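A.B. asks:
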Amino acid sequence: MNAKLFEASLPQAAFSAKQVLENEEKVASSRNVDMYSLMNDAGLAVFEHIQKEYPRHKKLLVVCGKGNNGGDGYVVARLALQANWQIKLILAVDALTLKGDAKQAYEDLIALESLHHNIDIVNAGGEAAGEIDAFNPDIIVDAIFGIGFKGDFPKKLYGLVLAINKHAAATVSIDVPSGLCASTGMINPLAVKADTTVTFIAIKQGLLTGQAANYIGKLYFADLTLGDSFNQQVSSKVFIEGSQVLQHLPVRENASHKGHIGLLMAVGGNQGFAGAIRLSAEGALRCGAALVSVCCHQKNIHLVADGRPELMLAPCQAELLSKTPAFEKAKVYVLGPGLGKDCWAESLFDLVIKQNKPCVIDADALQLLATKKIPLSSTQARLWVCTPHPGEAAALLACSIAEVEQDRFSAVKKIANKFHCVCVLKGAGSLTSNGETVWVNNSGNSGMASGGMGDVLSGVIGALLMQINTQKNIESLDLINATRLGVYIHGKAADIIAQNHGKIGMLASDLLPILWQLVNHKN
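1 is the number of the first residue of the sequence shown in our numbering; add one for each residue after it.
1. Apply the 10 Å Cβ neighbour rule to D350 and answer buried if 16 or more other Cβ atoms are within range, or exposed otherwise.
2. Which whole runs of the alpha helix (DSSP H) in the region 308-356 are 4 residues long or more, in chain order?
3. How many angstroms separate the CA atom of C64 from the CA atom of I144?
4. Have a look at L264 and Q205 and give me their C-alpha separation to the nearest angstrom.
5. Within the same chain, show all residues whose beta-carbon is closer than 6 Å to that of G283, passing over the 5 residues directly before and after it, in chain order.
6. Check each candidate in T199, D306, S235 and name the one with the smallest Cα separation from Y220.
7. In this structure, what does DSSP give as the bridge partners for N441?
8. What separation, rounded to the nearest whole angstrom, lies between the Cα atoms of G435 and I497?
9. Look up M506 in the DSSP assignment and say whether it is helix, strand or coil.
10. Is DSSP giving I203 helix, strand or coil here?
11. Return the first residue and the last residue of the alpha helix (DSSP H) that K413 is part of.
12. Any contact of the region 217-236 with the region 255-263, i.e. 3+ C-beta pairs under 8 Å?
13. Would you call the region 49-65 and the region 77-90 in contact, with 3 or more CB pairs under 8 Å?
14. In three-state terms, what does DSSP make of Y220?
15. Please state whether DSSP places S9 in a helix, a strand or coil.
16. Terminal residues of the continuous beta strand (DSSP E) containing T209?
17. Going by the beta-carbon positions, is the gap between I187 and Q211 smaller than 8 Å?
18. Counting C-beta neighbours from all protein chains within 10 Å, is the total for C343 16 or more, i.e. buried, or is it exposed?
19. How far does the alpha helix (DSSP H) with Q467 in it reach, from first residue to last?
20. For W85, which of helix, strand or coil comes out of DSSP?
21. Give the range of the beta strand (DSSP E) segment to which L60 is assigned.
22. Helix or strand or just coil, what does DSSP make of V519?
23. Would you call N473 buried or exposed, if buried means 16 or more other Cβ atoms sit within 10 Å of its Cβ?
24. Find the nearest neighbour of F47 within the set D175, L98, A92, judged by alpha-carbon distance.
25. Would you mind giving the Cβ-Cβ distance between G177 and Y215, rounded to the nearest angstrom? I have them listed as a contact below 8 Å.
26. Relative to the C-alpha of I119, which residue among A134, I201, I87, Q51 is closest?
27. Could you check the C-alpha separation between K414 and W439 for me, to the nearest Å?
28. Indicate whether G391 and D364 have their beta-carbon atoms separated by less than 8 Å.
29. Under a three-way DSSP split, which group does T483 fall into?
30. Compute the Euclidean distance between the alpha carbons of A274 and K166, then round it to the nearest angstrom.
31. Determine the burial state of V251: buried for a count of at least 16 other Cβ atoms within 10 Å of its Cβ, exposed for fewer.
32. Taking Cβ to Cβ, would you say I277 is nearer than 8 Å to P358?
33. If we ignore side chains and look at the alpha-carbon of each, how far apart do K373 and Q355 end up?
34. Could you check which residue in L507, M466, R484 has the C-alpha nearest to that of V245?
35. What are the partner residues of M265, as DSSP defines its beta bridges?
36. Rounded to the nearest angstrom, what separates A45 and T171 at their Cα positions?
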């Protein structure tokens, strides 16, 4: 039953809470496993995890709710009691309200109470916050709410959760931190902050993106012998993006030349934003774009080209740019880093967006896209990759940032469908979608919360678009594979830097030499 640190090194599906709730009993039944046995297996997996991760600690506080998640907690308490640990059990509900398997698990625990004197049971609901400091546990097990939780966190339990989060003890959440939506990763307005989360049977998609990153700690997975069966019997259109995507890294033929690989044109860099388009262009160069031409504001030309003679410079005005061989020959466009939203920016946007070529649309170009009335066929797929952060996504969907973050999975699909594009919704657990399927990226870290990271990403994706499936016609370019790969190696480069140097102080330009190694299979 050992729980293993979750690593998406192989293709793996993720599921909504509804899918798990509706199917786990069916899957268990197909394997002749009854639900109470499954509850005992879940509790055992958590207790074994605690013993392994915290071998010197034997003072355990378990906080339980009324559902099956609480039932798992009662099993953990019983196993710890049988192992002669010192236990305090706090019921976040009245014990008389317990039903079904959770009630049975509680009664099995109570049956042992008279045989062991090192357990204290407090049936005090949300008024038990003070009991935590009084007991001063080494480990807190959070079993208040499971994957069935949705809506607002009950106010009567605020004090209890705040006390858990404040205490120095290691906190282990069962299946999902209480208060976190297992389908969306949304918190409203608070949740238990776990040091580790042990989830069961199937990976819940809400644990992988958005606000969840602040609450789950390290994610462990115990399939309870049902994982393979669940994946076989239940279909999903959400997948975890791990190192398997590296199979799409471009391979350079021995006789390749710069004309074969082609030219990327980067358009942006308005006054005061030379760095954005420079970072994007260098990201493209380091990821294999053979030729990169930059169209930027006249006042930024020297800043963009300084120290990087490999970058070519294109005319700064849309009318002149449109007449150049470079613009016509460009295989891919990157549009938006530092572009701005003035008349100069709009003229360049209008020019590039009309081209029927692959285009990575980022930053200010996304804001312009949100305001422009561009004819979009209901069936025609665009050769666009849009890369919004939540604020830009909100502009594209004409909604609030809070609405985007409330369901990132829905938001990324809506953008992809609205603009007939591939969309990357950036943030913790970046999501990539073609409107039907969503890939959740598992690389990257909070060190990437610094200026210019998105600019580098746009250049990386643009370069990979030029190289993946280069023998195919432009209509069949694999936008999805190039985008998924770009998002993954961008985050992977940041992970390597964080491991070697730490997260704080990481710069976007620090990623460039690591990206160079990654596209050459050096890590």
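Cβ atoms here follow ideal geometry from the backbone N, Cα and C, with glycine treated the same way. Please read these numbers as outputs of a predicted model, since none were measured by experiment.
C.D. replies: On the basis of the supplied data:
1. As a first step, residue 350 must be located in the sequence shown, where it is residue number 350. Around the Cβ of D350, a 10 Å sphere holds fewer than 16 other Cβ atoms; the residue is exposed.
2. Within the region 308-356, the complete alpha helix (DSSP H) runs of at least 4 residues are 318-321, 325-329, 343-353.
3. In the sequence shown, the residue the question calls residue 64 occupies position 64. In the sequence shown, the residue the question calls residue 144 occupies position 144. Going from the Cα of C64 to the Cα of I144 covers about 5 Å.
4. Here residue 264 refers to the residue found at position 264 of the sequence shown. Here residue 205 refers to the residue found at position 205 of the sequence shown. Going by the C-alpha atoms only, they are around 35 Å apart.
5. Walking along the sequence shown from the start, residue 283 turns up at place 283. Cβ neighbours of G283 beyond the five flanking positions: V456, G459, V460.
6. The sequence position of residue 220 within the sequence shown is 220, counting from 1. Comparing Cα positions, the closest option is T199.
7. Looking up residue 441 in the sequence shown gives position 441. Paired residue(s): E241.
8. Position 435 of the sequence shown, counted from the start, is the residue given in the question as residue 435. Position 497 of the sequence shown, counted from the start, is the residue given in the question as residue 497. Taking C-alpha positions only, G435 is separated from I497 by approximately 32 Å.
9. What you label residue 506 is simply residue 506 of the sequence shown in a count that begins at 1. Coil.
10. By 1-based counting over the sequence shown, the position of residue 203 is 203. Three-state DSSP puts I203 in coil, outside helix and strand.
11. Stepping through the sequence shown from its first residue, residue 413 is reached at position 413. Segment 408-419, the alpha helix (DSSP H) holding K413.
12. By the criterion of at least three beta-carbon pairs nearer than 8 Å, the region 217-236 is not in contact with the region 255-263.
13. Result yes; three or more Cβ-Cβ pairs closer than 8 Å.
14. Within the sequence shown, the letter at position 220 stands for residue 220. Strand, per DSSP.
15. Position 9 of the sequence shown, counted from the first residue, corresponds to residue 9. Because the pLDDT at S9 is just 42, under 50, the model does not fix this residue reliably, and the value given afterwards should be weighed accordingly. In the displayed model, S9 falls within coil according to three-state DSSP, outside both helix and strand.
16. To locate residue 209, count along the sequence shown from 1; it is residue 209. For T209, no beta strand (DSSP E) run applies, since DSSP gives it neither H nor E.
17. For the purposes of this step, residue 187 is taken as residue 187 along the sequence shown, with counting starting at 1. For the purposes of this step, residue 211 is taken as residue 211 along the sequence shown, with counting starting at 1. Yes, these two residues count as a Cβ contact at 8 Å.
18. Here residue 343 refers to the residue found at position 343 when the sequence shown is read from its first residue. The residue in question, C343, is exposed, as its Cβ has fewer than 16 Cβ neighbours within 10 Å.
19. As a working note, residue 467 is residue 467 in the sequence shown. It spans 453-467 - the alpha helix (DSSP H) in which Q467 sits, taken as one unbroken run.
20. Residue numbering aside, residue 85 sits at position 85 when the sequence shown is read from its first letter. It is coil, neither helix nor strand.
21. For the purposes of this step, residue 60 is taken as residue 60 along the sequence shown, with counting starting at 1. First-last of the beta strand (DSSP E) with L60: 59-64.
22. Numbered from its first residue, the sequence shown carries residue 519 at position 519. V519 carries a coil assignment under DSSP once its states are collapsed to helix, strand and coil.
23. The count along the sequence shown starts at 1 and reaches residue 473 at position 473. Bear in mind that a pLDDT of 48 at N473, under 50, signals an unreliable position, so the model cannot answer this.
24. Along the sequence shown, read from residue 1 onward, the residue named residue 47 stands at position 47. Nearest Cα to F47 within the set D175, L98, A92: D175.
25. Counting from one through the sequence shown, the residue named residue 177 turns up at place 177. Counting from one through the sequence shown, the residue named residue 215 turns up at place 215. In the sequence on display, residue 177 carries Pro and not Gly. Contact between P177 and Y215 is confirmed by a C-beta separation of about 5 Å, below the 8 Å threshold.
26. Stepping through the sequence shown from its first residue, residue 119 is reached at position 119. Of the listed residues, the one whose Cα sits closest to I119 is I87.
27. Start at 1 with the first residue of the sequence shown, and residue 414 comes out as number 414. Start at 1 with the first residue of the sequence shown, and residue 439 comes out as number 439. The C-alpha of W439 is placed about 14 Å away from the C-alpha of K414.
28. Here the question's residue 391 lines up with position 391 in the sequence shown. Here the question's residue 364 lines up with position 364 in the sequence shown. Not in contact: G391 and D364 (Cβ atoms no closer than 8 Å).
29. Your numbering for residue 483 matches position 483 in the sequence shown. Correct three-state label for T483: helix.
30. Mapped onto the sequence shown, residue 274 falls at position 274. Mapped onto the sequence shown, residue 166 falls at position 166. Approximately 44 Å between the Cα atoms of the pair.
31. Residue numbering aside, residue 251 sits at position 251 when the sequence shown is read from its first letter. Exposed, since its Cβ has fewer than 16 Cβ neighbours within 10 Å.
32. As a first step, residue 277 must be located in the sequence shown, where it is residue number 277. As a first step, residue 358 must be located in the sequence shown, where it is residue number 358. Not closer than 8 Å, so no.
33. Reading the sequence shown from its first residue, position 373 is the one you call residue 373. Reading the sequence shown from its first residue, position 355 is the one you call residue 355. Cα to Cα, K373 sits roughly 16 Å from Q355.
34. In the sequence shown, the residue the question calls residue 245 occupies position 245. Residue R484 is the option with its Cα nearest to V245.
35. As a working note, residue 265 is residue 265 in the sequence shown. Looking at the DSSP assignment, M265 forms a beta bridge with S293, Y333.
36. Residue 45 sits at position 45 when you count from the first residue of the sequence shown. Residue 171 sits at position 171 when you count from the first residue of the sequence shown. If you take the alpha carbons of A45 and T171, they lie about 15 Å apart.
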